[in-house]
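J.: Could you have a look at this structure, given as structure tokens, before my questions?
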Amino acid sequence: MIIILALIVLGLSLYYVNNFPPKFDDEVVAVSLANQEITSDGVTYTIKVINNGSYSLKNNALYFTAREYMQPIEAKATEGNKELIKPGKQVKFTAFVPKEKFRDLQSSQNISSEVMLKGYVSWWFWKVSFNKGGGVNINHPSL
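First residue of the sequence shown? That's 4 in our numbering, and the numbers climb one at a time after it.
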């Protein structure tokens, strides 16, 4: 009985005092479009991820969809360590989308892009996976 009570107290203290598992809202993990570079072959997107939380984000992968009905592509980390994003740190990812994906769009049309950051946080022996997604409105580039 004492062991069960101790586990309940430990669980409640983790939840209320240490905020574990953390909530992954925009204040904790910020994902934004840092740059959009048009090349002769397509568009290179730079996506910035900032960890404003108190836990390290581990084993991260960022998937990017430039427009509706496009298969997500995995972005490559170009600045920072994607395997471990410590609190207060940022990582930049780069994704290349060939111009064939944009051929049917008007030059002034807005497209809605999606990003999905996947990884996990851990505290001692607990491991909690997360998916942090969001949309970014981007003006279609003239290719």
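Every residue, glycine too, gets a C-beta built ideally from N, C-alpha and C.
1. Quick check: the Cα distance between methionine 73 and tyrosine 123, rounded to an integer number of angstroms?
2. Name the DSSP beta bridge partners of methionine 73, please?
3. Check each candidate in Lys51, Ser115, Asp107 and name the one with the smallest Cα separation from glycine 91.
4. Could you spell out where the beta strand (DSSP E) holding phenylalanine 99 opens and where it closes?
5. Across which residues does DSSP place glycine 136 in a beta bridge pair?
6. Is valine 12 helix, strand or coil by DSSP?
7. For isoleucine 5, count neighbouring Cβ atoms within 10 angstroms of its own Cβ and tell me buried if that reaches 16, exposed if not.
T.: Taking the structure as given:
1. 26 Å
2. DSSP, once it has assigned bridges, lists no residue as partnering methionine 73.
3. Lys51
4. 93-101
5. Met119
6. helix
7. exposed
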